[in-house]
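> A single structure is presented below for examination.
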Amino acid sequence: MAPNTPVRAAHRDPKKQKSSSTKKEKVFHPDSRKAGQMNRKAVRKEKMDNLTKKRKNKAQDSADFHGLFFDVLPSDVEALSLDQLHQIIHDSWLIRNDAELEAERAERRKDNETYRTGLDVIDLTDPLTLALFRRWDQSDPAYLETLQCIRVNSANISFSKICKVGKHGAYPISQQGTQEDAVMVLDKVP
């Protein structure tokens with residue numbers, strides 16, 4: 340036989356054959372018709388996903404709303420009268436958040452009492468402390484410990500007392516580390 344006979348496909352090296360999984364993704368020009376079609380398809384899919392999420396959330400809200408009625412429905416009644424339905428709404432649905440609201444009111448009363456008796460805050464009336472406070476990146480709570488603090492209260496708004504002397508290096512040496520009973524009386528702002 341002649342040495343010039345073609346090699347059969349069965350004898351080819353399998354490593355050299357191209358697999359369909361290594362096929363490159365086609366790239367389209369951004370202004371082409373195909374790119375526009377793909378963009379519209381992606382936007383539509385996103386819209387449909389958002390609508391599906393909204394529909395599921397609405398269905399869950401409805402289930403939560405009606406679940407409240409399911410939980411408080413008397414088991415021995417075949418049907419409720421309109422007055423009984425209104426009574427359930429009044430006694431169960433309208434007051435469902437009252438516990439959280441009362442806890443919030445109690446917290447607010449506590450905050451008001453704290454402010455009335457005295458609240459320690461960063462001394463924002465001092466220009467140096469204010470400038471240092473503005474440099475704070477809000478991630479390092481230890482930085483706040485270096486700033487001067489004053490005690491203010493709602494009973495006497497023109498009076499403040501330094502409750503913690505600033506230890507930041509920008510404060511004068513004579514002020515650092517000396518915890519005196521310094522009192523500051525502020526002028527009332529019109």
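Going left to right, the sequence shown walks through residues 340 to 529 as the numbering used here numbers them.
The beta carbon of each residue, even a glycine, is placed where N, CA and C say it ideally should be.
1) At what residues does the alpha helix (DSSP H) containing I427 begin and finish?
2) Can you tell me which of L407, F498, R455 puts its alpha carbon nearest to the alpha carbon of D462?
3) Where does L433 sit, in a helix, a strand or coil, going by DSSP?
4) Could you check whether L412 and L419 sit closer than 9 Å to each other, using their CB atoms as the reference points?
5) What separation, rounded to the nearest whole angstrom, lies between the Cα atoms of W432 and L407?
6) Would you say I501 and I512 are within 9 Å of each other, going by their C-beta atoms?
7) Please classify V416: is it buried, with 16 or more other beta-carbons within 10 angstroms of its beta-carbon, or exposed?
8) Could you tell me the distance, in whole angstroms, from the CA atom of F320 to the CA atom of E385?
9) Name the one or two DSSP bridge partners that K490 has.
On the basis of the coordinates in this document:
1) Counted from its first residue, the sequence shown places residue 427 at position 88. For I427, the enclosing alpha helix (DSSP H) starts and ends at 421–427.
2) To locate residue 462, count along the sequence shown from 1; it is residue 123. Nearest to D462 by C-alpha distance, out of L407, F498, R455, is F498.
3) Taking the sequence shown and counting its residues from 1, one reaches residue 433 at position 94. In the three-state reduction of the DSSP assignment, L433 falls in the coil class, being assigned neither a helical nor a strand state.
4) Start at 1 with the first residue of the sequence shown, and residue 419 comes out as number 80. Start at 1 with the first residue of the sequence shown, and residue 412 comes out as number 73. Yes, they are a contact pair.
5) For the purposes of this step, residue 432 is taken as residue 93 along the sequence shown, with counting starting at 1. For the purposes of this step, residue 407 is taken as residue 68 along the sequence shown, with counting starting at 1. Cα to Cα, W432 sits roughly 7 Å from L407.
6) Along the sequence shown, read from residue 1 onward, the residue named residue 501 stands at position 162. Along the sequence shown, read from residue 1 onward, the residue named residue 512 stands at position 173. Not in contact: I501 and I512 (Cβ atoms no closer than 9 Å).
7) For the purposes of this step, residue 416 is taken as the residue at position 77 of the sequence shown. Under this definition V416 is an exposed residue.
8) This structure does not reach residue 320, given that the chain is present from 340 up to 529, and the question cannot be answered.
9) Counted from its first residue, the sequence shown places residue 490 at position 151. The question names Lys, yet the displayed sequence has Arg at residue 490. According to DSSP, which records beta bridges pairwise, R490 is partnered with D459, K500.
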